[in-house]
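So the protein lines, in turn, are chains A and B. Just so you know, we're using our numbering here: the first sequence kicks off at 936 and counts up by one. Just so you know, we're using our numbering here: the second sequence kicks off at 936 and counts up by one. What follows is a single structure, written as C-alpha cells, with notes after it.
2 protein chains.
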Amino acid sequence: MSRVAIVGVGQTRYSRESGRSEWQLAVEAISNALTDCGIDPGDVDGLVRYSYDNVDEAMIVRSFGLKLRYYSQTGFGGLGAPATLAHAYAAVASGQARVVVCYRSLNGRSTTRYGRAERSLGTGGGDLIATGDRAPSGAFAGPYGMLSPGQVMAMWARRYQWEAGLTEDELAAAMGRIAVDQRAYARANPDAVMGGRPLDQAGYLAGRVIATPLRIFDLALETDGAAALVVTDAAVGPRPAVWIRSAIQGLIPYAESIATYGELRNGPTYRSLGSRLLQDADVKPADLVSASIYDATSVSVLLGLEGYGIYPVNGAARAVIEHGIGPESPLPVNTSGGHLSEAYVHGMNLVIEAVRQVRGESMNQIPRSGPVLVASGPSGLVLAP
Amino acid sequence: MSRVAIVGVGQTRYSRESGRSEWQLAVEAISNALTDCGIDPGDVDGLVRYSYDNVDEAMIVRSFGLKLRYYSQTGFGGLGAPATLAHAYAAVASGQARVVVCYRSLNGRSTTRYGRAERSLGTGGGDLIATGDRAPSGAFAGPYGMLSPGQVMAMWARRYQWEAGLTEDELAAAMGRIAVDQRAYARANPDAVMGGRPLDQAGYLAGRVIATPLRIFDLALETDGAAALVVTDAAVGPRPAVWIRSAIQGLIPYAESIATYGELRNGPTYRSLGSRLLQDADVKPADLVSASIYDATSVSVLLGLEGYGIYPVNGAARAVIEHGIGPESPLPVNTSGGHLSEAYVHGMNLVIEAVRQVRGESMNQIPRSGPVLVASGPSGLVLAP
C-alpha cells in the first residue's frame, strides 16, 4: 500500500458528565488532533464520521470553516472505528483528499446510554447491533427483550463457552482476566475513568450480573467524550508518523445479533478477513507488538484474538487464563484500559491507543517496535512505525 | 486520475406504486447492474449507499452473499448521488476494493413522500435539507412551516430572481423552459413516469402553485424505484466503459436550508468547487456534451448551470429562456427527463443517464462524443468515454 499516515490524535477529557454538547466535544477533540500535528484547519479537505454520530459533517464544516472535497460515513457502530481510517486511507491514497479528519463524539453517559438500549429504542430497535441486519434483529430479538449490546453479547459468551468446551468457571476466569488486566493498564493512564479503582479476580467475580454470564466488569463503560485522528500522505508535525499498512472493512452475512445461528466472531469468514488484513501488511500474528481489540464486552476480546489468528479457534480462553493480556503476555491488548476501563468512545479511543503504541507514547508502552493491530469484528487496521 | 470506470448500470421500473419493499427494489436494481456488465456478485467487494437509504449494507450482503472489504455511506440526501461514485472511485483507486456497487432505493411515493416532509417529520426535522446544518435548519426554519424541499427551494428561487434582476414573468419563463424541455426528453424515454403527458409553457403556467414562486411542474416527482451502478478498475463487460475523470464532494459552511443568509448554489464556493472538478478532468465548460444537474426543483438547474461555469453568474435564466436545455441548446441537461419528468431516485437516475450519454445509449442521445457532467450542488463528477 502507498504511504498514508496517521499524523495527529486528539481527545477530550473522558467523564461521566461532560456538561457540554457532543458538538462542542467533537470540536475540541478535532482541534487537539490538528494541534498535535501542526496542521491548519484550512488544510483539512476530508472528514469521516460514524453514521451514529449526532455531530454531522456540516456542523464540523461550520465550526472550522472547512473546504471539503470528500466526506463519508461508516455504519454499524463500533465496526466504524477502524473503518473511518480505512476511508481516510482510500480518500488520501486515491487523491480525493489530502488531509482527512476522522472523529467520534458521544455523551454516552449523560445523554444516551447504549447500555440501557436508549439508542435502539429511540430509533426503532436493532440497529445498535454492530453486525446485524437491522430488520431481522429488531423483529426476532427485540420482542424477547434483547435490546442492549450486553444482552446480545451474553449469548455470544454462552455460545463461545459451549464451542470451546469451557466450564462456567473457566469462562469467568478468562473474561475476568481480560477485565482485570485492562484495569491494571488503566491504573497507569490518567485519562482512564476507572484508573482510580483497582480490580482483582475476586472483585470481578463479586461484580453484579448484568446478563448471564456477563458481569458488570465485562461490559464497556458508559462515558462522555470525543476522539479524533488526522490522516495525510506524508510525515508531518512533531510526532512520529504512524503508517497505515493495511485496512479492511468486512461485513458478513447471517451475523444475526443474537448470534445463535450465525457465525461467531472467531468463525471462518472473520478468520479469512483477519488473515487477509495481516497478509496485506506482510505481517504475521507473532510480529504484532500490541493490539486494540474492540471490547464492547470482554468476550469480544476472546473472539477477536481468535478471529485475527493470535490464538487458535477455541484456544483464546485457556491462553488468556494462563498468560493474560498484560505487558508480559504474548500479545498485550487494550493497553489504555480500553472500553472496559478507560472510556467508551465507540472504538476511537482504541485507535488512538494503537497510535500511541506505534509512536512510543503510551502510558503502558510496550518496549518493542513493530506493527500494531486494531480490530473491531471484521474490520481492522495494521499500523506501523 | 487513474483508470476507474463505471461498467454497469441497472434500475427497476419507475412507478407510483411499486408494490414491493425497498429491499426488493434494491436487489433488483443491483442484479440488473451486475448483469449489465457480466460481473458475478461473488466478485463484488464494496458497497456505497446513501445514509438516507432504508436498505442497509447488511441487507444487500445477505441477499447476494457478498464478501465485502469496503463500504461507505454518503450523507445529505441528493448530494450523495455523485458522491457515491466518488467513494467508489476512492476505494478502487486506492486498492481498498476491486468491484464496488453504488445504489439507491426508495418507495418515494407509496411509502415516504418527501414532498410532504414525511421524512423530516419522521426523523426530527431538518435533515432532509441537502446542504443544511441539521440543528439550525430545524430550529430556525421548521417552526415557520418550512419543512419540505419545495418550501425551502421556493426561497432559493426568490433570492435568485432578486440577485439576477428578473421579473416574475422572466423567472417563470426560465423555470418553465426547464420543465418543458425535460418533459420533452421524457416523451422519448419509455422509463419516464411522465412520458405520456406532454407539457408546454402554457400548461406549465397553468400548474398549481405549491410554494410561491414554484409550481407543481417545478418540483421533483414522487416515485418508487431503485437504481444501481457498478464501478471497477478496468473496462469489463459488453458495454463501453465510462471512465470517472474527476470527482468532488463539497460541503460548504453557512448553507442554511432557508438560504436567505447563506450562499446560493451559484456562489463563489460552489463556482470554485465546480471549476476544480472540471480542471481535475482537464475539461472546459464548452467541452461538455451534456449534463445531469440535480433537479429537486427547476431552479436548482439554473443555479447548477452557473455554479459549474456553464453560464455566467445570474446569466442562466436569460440563456435558458433563449436557448433552453434541449438537444439543440449549448448544453443539453437532464436528457432522460430528470427528476421533474422521468422519476425521483434521489439523483441516482441522473447518474445513470449520464452513463448512457457517454456510452451512446440514451433515448435522447446527443450525437457528439465527449465528457459529461454530473452535478448535485457542490458535489460532482466528470465522466468520459
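Idealized CB from N, CA, C, for every residue including glycine.
Report buried or exposed for residue i, applying the criterion of at least 16 other Cβ atoms within 10 angstroms of its Cβ.
| i | result |
| --- | --- |
| Q1214/B | exposed |
| S1304/B | exposed |
| Q1136/B | exposed |
| P1125/B | exposed |
| E1098/A | exposed |
| D988/A | buried |
| T1102/B | exposed |
| A1221/B | exposed |
| E1198/B | buried |
| G1315/A | buried |
| A1263/A | First, the amino acid is wrong: residue 1263/A is Glu here, not Ala. The residue is exposed, with fewer than 16 neighbouring Cβ atoms inside 10 Å. |
| V1144/A | exposed |
| R1004/A | buried |
| Y1024/A | buried |
| G1010/A | buried |
| G1107/B | Gly is not the amino acid found at residue 1107/B; the sequence shown has Ala there. Buried, because 16 or more other Cβ atoms sit within 10 Å of the Cβ of A1107/B. |
| A1310/B | buried |
With 9 Å set as the bound, which would you pick, yes or no: does the beta-carbon of residue i sit closer than that to a beta-carbon of chain A?
| i | result |
| --- | --- |
| H1022/B | yes |
| Q1214/B | no |
| T1046/B | no |
| L1285/B | no |
| I1245/B | no |
| G1030/B | yes |
| G945/B | no |
| L1186/B | yes |
Would you say residue i faces chain E, with C-beta separation under 9 Å as the test?
| i | result |
| --- | --- |
| S966/B | Among the protein chains of the structure shown, namely A and B, there is no chain E. |
Counting only beta-carbon atoms, is residue i nearer than 9 Å to chain B?
| i | result |
| --- | --- |
| G1242/A | no |
| A1026/A | yes |
| R1206/A | no |
| R1211/A | yes |
Can you tell me the Cα-Cα spacing of residue i and residue j, whole angstroms?
| i | j | result |
| --- | --- | --- |
| P962/A | S998/A | Note that residue 962/A is Val in the sequence shown, not Pro. When rounded, the distance between both Cα atoms is 7 Å. |
| K1219/A | G1202/A | 19 Å |
| G973/B | H1258/B | 40 Å |
| I1064/B | L1223/A | Confidence at I1064/B is low in this model, with a pLDDT of 37, below 50, so its placement is unreliable and no value can be given for it. |
| Q1096/B | V1234/B | 10 Å |
| M1298/B | A1169/B | 26 Å |
| A1208/B | R1200/B | The residue you asked about is not Ala; residue 1208/B is Leu in the sequence shown. Rounded to whole angstroms, L1208/B to R1200/B spans 11 Å at the Cα level. |
| A1252/B | S1181/B | 27 Å |
| R1122/B | T1232/A | 59 Å |
| L1212/A | L1240/A | 14 Å |
| I1183/B | A1026/B | 14 Å |
| A1028/B | A1216/B | 16 Å |
| A1022/A | E1296/B | A small correction: the amino acid at residue 1022/A is His; Ala does not occupy that position in the sequence shown. Rounded to whole angstroms, H1022/A to E1296/B spans 33 Å at the Cα level. |
| P1148/B | Y1139/B | 12 Å |
| A1255/B | R1112/B | According to the sequence as given, residue 1255/B is Val; it is not Ala. Computed Cα separation, rounded: 7 Å. |
| R1174/B | V1115/B | 31 Å |
| A1089/B | D1153/B | 10 Å |
| L1266/A | G1242/A | 14 Å |
| P1306/A | A1289/A | 9 Å |
| R1206/A | G1244/A | 7 Å |
Tell me where the alpha helix (DSSP H) around residue i begins and ends.
| i | result |
| --- | --- |
| Q1117/B | 1103-1122 |
| T1204/A | 1203-1215 |
| T970/B | 957-972 |
| Q946/B | Per DSSP, Q946/B belongs to no alpha helix (DSSP H); it is in the beta strand (DSSP E), 940-946. |
| Q1086/A | 1084-1099 |
| T1019/B | 1015-1028 |
Along the beta strand (DSSP E) that carries residue i, what are the first and last residues, could you check?
| i | result |
| --- | --- |
| G1315/B | 1314-1319 |
| L982/B | 981-985 |
| R1200/A | Run containing R1200/A: none; DSSP gives neither H nor E here. |
| R997/A | Here R997/A belongs to no beta strand (DSSP E); instead the alpha helix (DSSP H) covers 992-999. |
| R1039/A | 1035-1042 |
The ligand GTP and residue i: does the residue's C-beta get closer than 8 Å to at least one heavy atom of that ligand?
| i | result |
| --- | --- |
| S1276/B | Among the ligands in the structure shown, none appear at all, so the ligand GTP cannot be discussed. |
Just by C-beta distance, which residues in the region 980-998 of chain A are closer than 7 Å to chain B? Per Cβ criterion, the list reads S986, D991, E992, A993, M994, V996, R997.
Return the residues of the region 1000-1022 of chain B that lie within a Cβ-Cβ distance of less than 9 Å from chain A, sorted by chain order. Within the region 1000-1022 of chain B, contact with chain A at the beta-carbon level (separation under 9 Å) is assigned to G1000, L1001, K1002, L1003, R1004, Y1005, Y1006, S1007, Q1008, T1009, G1010, F1011, A1018, A1021, H1022.
Mind checking the region 1160-1183 of chain A against chain B and listing, in chain order, the residues whose C-beta falls within less than 8 Å of any C-beta there? Of all residues in the region 1160-1183 of chain A, the ones placed with a Cβ closer than 8 Å to any Cβ belonging to chain B are A1182, I1183, in chain order.
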